[in-house]
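J.: Protein chains in written order, with my numbering: chain A, 1 to 501; chain B, 502 to 592.
Laid out in structure tokens, this is it:
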């Protein structure tokens with residue numbers, strides 16, 4: 001191909017391309033450069049591109065054989081291209097860098113504003129202590145609380161010369177400038193500063209401030225005003241102390257009152273016991289006389305009786321015997337509680353002794369149409385007080401007969417182990433509700449078995465059983481449900497000791 | 502015969518190349534690529550303008566003018582790229 005054609009084509013392409021580039025340079029937005037650089041860059045870029053528009057246009061005219069008149073100017077104009085291009089690129093580069101710097105400045109400023117807001121709204125004080133001992137930054141709180149000073153607006157802050165931060169224990173102040181300037185590490189060190197005549201408790205913390213190489217530049221110091229919290233703590237401690245003293249005094253007063261009351265109750269109780277003992281004793285003698293003379297009359301020794309008189313005398317005797325039993329119970333309980341009785345152990349054949357008691361109570365059982373049985377091993381001998389043991393068994397059997405309806409059954413069963421023996425009295429009477437199990441063993445307490453039925457006796461029988469069993473070194477237990485009968489088990493040692501009650 | 506203006510063009514281009522290249526580095530990569538290539542094409546044109554006086558005058562003359570054409574096309578591409586990125590809001 002003819003080189004002239006190729007050159008002509010190349011020149012034409014160059015002319016068109018640079019013309020388009022020139023048009024673009026003149027019309028395209030250059031906002032990224034900023035308004036102050038945009039016009040300069042656009043102008044010089046247009047000039048630079050115009051150089052090659054002119055050069056390529058001159059070449060097109062020359063190679064097309066139209067004219068070479070522009071060729072003389074072409075060389076001089078072409079010299080301008082590279083310097084203009086260099087200027088354009090350089091200015092654009094500066095424009096980009098200025099834009100980046102502006103953006104970074106805005107970012108730094110916004111971050112600074114954010115940090116300043118955080119620091120100023122923080123309830124604690126924050127300071128930067130340089131290695132020269134100057135406070136290069138102090139938050140509002142730090143300036144207010146520590147009353148920082150500075151000679152003029154451009155000077156750095158300083159701690160008041162007379163500032164003392166006293167520690168609760170001997171040690172160096174956490175606000176010591178030398179320590180902080182050297183890069184101190186402190187964690188919640190409590191100290192008290194006196195400012196304007198007012199004491200404030202501060203909790204001071206500090207961390208070393210270092211540069212990229214690890215060299216210490218000073219310290220970052222933070223502190224929290226603990227005055228209110230400490231004051232509240234002190235107030236609480238004082239209130240606790242006052243309350244403790246008040247409580248102690250109240251307890252002492254109440255204790256004294258209770259001791260006085262206890263003494264009065266003891267005195268009253270002893271008076272009651274004396275009264276009961278005396279009254280019971282004084283009642284027993286005439287009761288025995290009444291029973292004796294009733295027997296005399298009933299026996300016809302004072303003359304013949306009509307059947308009606310005999311019947312009424314029988315009622316007098318029964319009531320007298322019942323009353324005597326009550327008086328005896330009262331005397332027993334008083335004797336036990338007063339500790340006047342003595343256990344007199346002796347060798348006892350349990351089956352024989354208790355069997356005799358059961359035999360004696362058979363008429364009473366028969367009178368009430370109740371079957372009374374006994375089951376006991378032969379030759380069971382124990383060392384115990386037979387009178388006290390019989391008193392317990394008698395009360396239990398008597399109780400069982402009292403609360404068992406006609407045609408019921410009461411059994412006395414005796415069992416033994418190597419060390420103990422037990423007397424179990426079981427009936428199929430009205431039973432005792434579980435919630436009353438403890439109460440039935442208390443003196444003068446009786447349980448209503450059936451609605452509307454008045455309890456019989458003094459309410460001392462089971463209390464006497466419990467006390468006497470305890471004196472004999474044994475225990476008494478009750479198993480019962482309301483309406484399902486009751487089982488009392490008295491367990492005594494096979495060898496009781498001689499003890500006073 | 503070599504003309505003085507052609508030598509001056511080349512010398513100025515070579516002298517200013519470090520400034521141009523260094524400045525181009527701060528610009529976004531797409532525009533930098535086209536602009537750098539366009540500048541290189543211009544310099545190549547300067548070189549062949551001088552070389553054609555010594556060897557292969559016709560062939561090197563074709564290359565010289567072709568280099569200018571390529572430089573023009575690359576300048577258009579660089580400016581289009583710049584306008585596209587600005588209209589997109591990016592760099």
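For glycine and all other residues, C-beta sits at the position ideal for the given N, C-alpha and C. All values reported here derive from a predicted model rather than from experimental measurement.
1. Would you identify the three-state DSSP class for residue 199 of chain A, choosing helix, strand or coil?
2. Taking only the alpha-carbon atoms, compute the straight-line gap between residue 541 of chain B and residue 510 of chain B and give it to the nearest angstrom.
3. Is it buried or exposed, residue 466 of chain A, if we count other Cβ atoms within 10 angstroms and call 16 or more buried?
4. Would you give the residue range spanned by the beta strand (DSSP E) that residue 217 of chain A belongs to?
5. Does any C-beta atom of chain B lie closer than 8 Å to the C-beta of residue 89 of chain A?
6. At 9 Å on the CB atoms, spell out the chain A contacts of residue 535 of chain B, in chain order.
7. So, at 8 Å on beta carbons, what are the nonlocal neighbours of residue 590 of chain B in its own chain, with the 5 sequence-adjacent residues on each side left out?
8. List the residues of chain A that residue 517 of chain B touches, going by C-beta distances under 7 Å, in chain order.
9. Below 6 Å CB to CB, which residues in the same chain sit around residue 167 of chain A once its five sequence neighbours on both sides are set aside?
10. For chain A, is any of its Cβ atoms less than 8 Å away from the one on residue 557 of chain B?
11. In three-state terms, what does DSSP make of residue 436 of chain A?
12. What is the rounded straight-line gap between the Cα of residue 245 of chain A and the Cα of residue 399 of chain A?
13. Within 8 Å (strictly less), CB to CB, does residue 52 of chain A reach chain B?
14. Are the beta-carbon atoms of residue 45 of chain A and residue 25 of chain A separated by less than 8 Å?
15. Let me know if residue 59 of chain A comes out buried or exposed under the rule of 16 or more other beta-carbons within 10 Å of its beta-carbon.
16. Nearest CA to the CA of residue 61 of chain A: which residue from A/14, A/404, A/28, A/22?
17. Could you check whether residue 469 of chain A and residue 490 of chain A sit closer than 8 Å to each other, using their CB atoms as the reference points?
18. Residues in the same chain with beta-carbon distance under 8 Å from residue 507 of chain B, minus the five sequence neighbours each way, listed in chain order, please.
19. Along chain B, which residues have their Cβ under 7 Å away from the Cβ of residue 96 of chain A?
20. For my contact list, residue 327 of chain A and residue 380 of chain A are in at a C-beta cut-off of 8 Å; report their separation, rounded to the angstrom.
21. Who pairs with residue 191 of chain A in a beta bridge, going by DSSP?
22. If I'm right that residue 122 of chain A touches residue 141 of chain A with Cβ under 8 Å, what's the distance once you round it to whole angstroms?
23. For the alpha helix (DSSP H) that contains residue 325 of chain A, what are its first and last residues?
24. Using the Cα positions of residue 582 of chain B and residue 532 of chain B, report the straight-line distance between them to the nearest angstrom.
25. Nearest-angstrom Cα distance between residue 55 of chain A and residue 529 of chain B?
26. In its own chain, which residues sit with a C-beta less than 8 Å from the C-beta of residue 390 of chain A, not counting the 5 before and 5 after it?
27. Indicate the three-state DSSP secondary structure (helix, strand or coil) for residue 444 of chain A in the structure shown.
28. Shorter than 8 Å from the beta carbon of residue 60 of chain A to some beta carbon of chain B?
29. Please tell me whether residue 52 of chain A and residue 91 of chain A are closer than 8 Å, where the distance is taken between their beta carbons.
30. Return the chain-ordered list of same chain residues with a C-beta closer than 7 Å to the C-beta of residue 496 of chain A, the five sequence neighbours on each side being excluded.
31. Verify whether the separation of the beta carbon atoms of residue 493 of chain A and residue 419 of chain A is less than 8 Å.
32. Please name the residue, chosen from B/576, B/560, B/562, B/584, that lies closest to residue 534 of chain B on a Cα-to-Cα basis.
33. Would you kindly report the start and end of the unbroken alpha helix (DSSP H) that includes residue 99 of chain A?
34. Quick check on residue 541 of chain A - is its C-beta less than 8 Å from some C-beta in chain B?
35. Where are the beta strand (DSSP E) runs, 3 residues long or more, that stay fully inside the segment 224–276 of chain A, in chain order?
36. Touching or not, the segment 428–447 of chain A and the segment 480–489 of chain A, by the rule of three or more beta carbon pairs under 8 Å?
T.: Reading it off the structure:
1. strand
2. Between residue 541 of chain B and residue 510 of chain B, the C-alpha separation is close to 13 Å.
3. buried
4. 216–225
5. When Cβ-Cβ separations below 8 Å define contact, residue 89 of chain A makes contact with chain B.
6. Under the 9 Å cutoff, chain A gives no residues; its nearest Cβ is about 11 Å from residue 535 of chain B.
7. In this prediction, residue 590 of chain B scores a pLDDT of 47, lower than 50, which makes its location untrustworthy; the coordinate-derived value is nonetheless stated afterwards. Once the five neighbours on either side are set aside, residue 590 of chain B has no close Cβ partner at all.
8. 82, 83, 86
9. 191
10. no
11. Shown here, residue 436 of chain A sits in a helix according to DSSP, grouped into three states.
12. 55 Å
13. It does: the Cβ of residue 52 of chain A has a partner Cβ on chain B nearer than 8 Å.
14. Yes, Cβ-Cβ distance for residue 45 of chain A and residue 25 of chain A is below 8 Å.
15. Residue environment analysis places residue 59 of chain A among the buried positions, since at least 16 neighbouring C-beta atoms fall within 10 angstroms of its C-beta.
16. A/14
17. yes
18. Excluding residues up to 5 positions away in sequence, 547, 550, 551 lie with their Cβ nearer than 8 Å to the Cβ of residue 507 of chain B in the same chain.
19. 527, 528
20. Contact flag wrong, Cβ pair sits at about 33 Å.
21. In DSSP, residue 191 of chain A forms a bridge with A/202.
22. 7 Å
23. Its alpha helix (DSSP H) spans residues 307–338.
24. Distance between the alpha carbons of residue 582 of chain B and residue 532 of chain B: 6 Å.
25. 29 Å
26. 353, 354, 357
27. coil
28. no
29. No.
30. 343, 345, 383, 384, 385, 472, 473
31. Contact: yes.
32. The option with the nearest alpha carbon to residue 534 of chain B is B/576.
33. 81–121
34. Not covered by the structure: residue 541 of chain A. The range shown for chain A is 1 to 501.
35. The qualifying runs do not exist here; there are none.
36. Because the criterion of three Cβ pairs below 8 Å is met, the segment 428–447 of chain A and the segment 480–489 of chain A touch.
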